[in-house]
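Numbering (the working numbering), first residue to last: 47 to 193.
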């Protein structure tokens, strides 16, 4: 038996080159179930790996901060062992990852590590503990990254 552990990237703010943009996933129709962002890549100028969007999913609704949609990435729980699934957002040009609303879908005290890379080199890292109560706006200030 397994259940999904996920965190929601609920509002992703970034600056791509000279323009600012907010990715909130509200232009997607995920009402039929999980909508794999991988299949939409590029979406909002980014290539998404191991991310899905959803609309009003029980357990995640407390994490939605805009209209009806959010996105998540996560792992699978098999017994007591978690098999990590690494979500990745990439662009062909450097961007600044400014902030995101983050929360846990089903489990409190869920650990999350966010890394910013440029050409494969690790430039930034931030570890967080997420809960199911509500999404938290987290400021990253990861500048000049492409992953």
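Just so you know, even glycine gets a beta-carbon here, dropped at the ideal spot from N, CA and C.
Computed from a prediction, not measured in an experiment: that's the story for all the values here.
Exercise for the section: Work out the CA separation of residue 139 and residue 167 for me, nearest whole Å. Expected result: Straight-line measurement puts the Cα of residue 139 at about 15 angstroms from the Cα of residue 167.
Problem - Which residues DSSP lists as bridging residue 171, in chain order - result: Paired residue(s): 161.
Practice task
Could you check the C-alpha separation between residue 153 and residue 142 for me, to the nearest Å?
Solution key: For residue 153 and residue 142, the distance between alpha carbons rounds to 29 angstroms.
Handout entry: Close-in-space but distant-in-sequence residues of the same chain around residue 87 (CB under 7 angstroms, 5 per side omitted)
Key = Short of 7 angstroms from the beta carbon of residue 87, and not among the five residues preceding or following it, lie these beta carbons of its own chain, in chain order: 93 and 94.
Practice task
With DSSP as the reference, label residue 74 as helix, strand or coil.
Solution key: Coil.
Exercise for the section: Name the residue from 101, 72, 181 and 67 whose alpha carbon lies nearest to the alpha carbon of residue 80. Expected result: Nearest of 101, 72, 181 and 67 to residue 80, Cα basis: 101.
Exercise for the section: Consult DSSP for residue 98 and reduce its assignment to one of helix, strand or coil. Expected result: DSSP places residue 98 in strand when its eight states are reduced to three.
Exercise for the section: For the beta strand (DSSP E) holding residue 148, just list the boundary residues, first then last. Expected result: 141–150 is the span of the beta strand (DSSP E), which, as asked, contains residue 148.
Exercise for the section: Specify the secondary structure class of residue 119 as computed by DSSP and reduced to three states. Expected result: Strand at residue 119.
Practice task
Can you give me the Cβ contacts of residue 136 inside the same chain, cut-off strictly under 7 angstroms, excluding the 5 residues immediately before and after it?
Solution key: In the same chain as residue 136, and ignoring 5 residues on each side of it, the C-beta atoms closer than 7 angstroms to its own belong to 92, 93, 192 and 193, in chain order.
Practice task
Taking residue 191 as part of the beta strand (DSSP E), name the residues at either end of that continuous run.
Solution key: The continuous beta strand (DSSP E) containing residue 191 extends over residues 182–191.
Practice task
State buried or exposed for residue 149, treating a residue as buried only when at least 16 other CB atoms are found within 10 Å of its CB.
Solution key: It counts as buried.
Handout entry: Given residue 187 as reference, the closest of 175, 180, 161 and 85 once Cα atoms are compared
Key = Residue 161 is the option with its Cα nearest to residue 187.
Handout entry: residue 183 to residue 69 span [Cα, whole Å]
Key = Near 14 angstroms, if we compare the C-alpha coordinates of residue 69 and residue 183.
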